[in-house]
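Just so you know, the sequence shown maps onto residues 774 to 883 in my numbering.
I have placed the structure first, in the form of structure tokens, so that the comments after it can refer back to it.
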Amino acid sequence: PELYTADGTIHSMALDFLAAPKIEQTRIFPAAPNPVSGPVSIPVALAEPTNLMLEVFDLNGRQLHRQEVFLGTGLHRIEIPVEVLAGNRGVLPYRVMAGNLLSSGKIVRL
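Here you go:
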């Protein structure tokens, strides 16, 4: 394969494939995008295979969604179904538990 610049110069191209970095510590990241008007997901990095639980609530504390899944080591995105958000506007608290790690946050639904 080769690359061409705007002035017509030809450059050779090589691809290097690297192994994914080892995840040393399980982490739960904030929901994104946020604020949201469409789909939203919560990224997680798992240092080991783990049971994960996601809960989404309304401001009255009523549970709108609960999802449990077993995930392997690595990077994942936990998708919150659009149907969960569809009938709700404003602030929606959520909680994610991965093994012994608990994280909570808020989704702002426009």
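C-beta: ideal position from N, C-alpha, C; glycine also.
Inter-residue Cα distance where the pair is residue i and residue j
| i | j | result |
| --- | --- | --- |
| valine 864 | valine 857 | 13 angstroms |
| histidine 849 | threonine 823 | 12 angstroms |
| serine 877 | proline 794 | 26 angstroms |
| valine 855 | isoleucine 801 | 21 angstroms |
| histidine 838 | glutamate 828 | 6 angstroms |
| asparagine 807 | alanine 792 | 31 angstroms |
| threonine 782 | alanine 805 | 41 angstroms |
| threonine 813 | isoleucine 853 | Checking the displayed sequence, the identity of residue 813 turns out to be valine instead of threonine. Those two C-alpha atoms are separated by around 6 angstroms. |
| alanine 787 | asparagine 873 | 43 angstroms |
| threonine 846 | leucine 825 | 12 angstroms |
Residue i - containing beta strand (DSSP E), residue span
| i | result |
| --- | --- |
| leucine 902 | Because the chain spans 774 through 883 in this model, residue 902 falls outside it and cannot be assessed. |
| leucine 865 | 863-871 |
| glycine 781 | Looking at the DSSP string, glycine 781 is not in any beta strand (DSSP E), and its letter there is neither H nor E. |
| leucine 874 | 874-882 |
Helix, strand or coil at residue i according to DSSP, with G and I counted as helix
| i | result |
| --- | --- |
| glutamate 797 | coil |
| asparagine 824 | strand |
| serine 810 | coil |
First and last residue of the uninterrupted alpha helix (DSSP H) at residue i
| i | result |
| --- | --- |
| glutamate 856 | 855-859 |
CB contact check: residue i to chain B, cutoff 7 angstroms
| i | result |
| --- | --- |
| lysine 795 | The question asks about chain B, but that chain is absent: this structure has only one protein chain. |
Bridge partners - residue i, DSSP secondary structure assignment
| i | result |
| --- | --- |
| phenylalanine 830 | Gln836 |
| proline 816 | Arg850 |
| alanine 805 | Ser814 |
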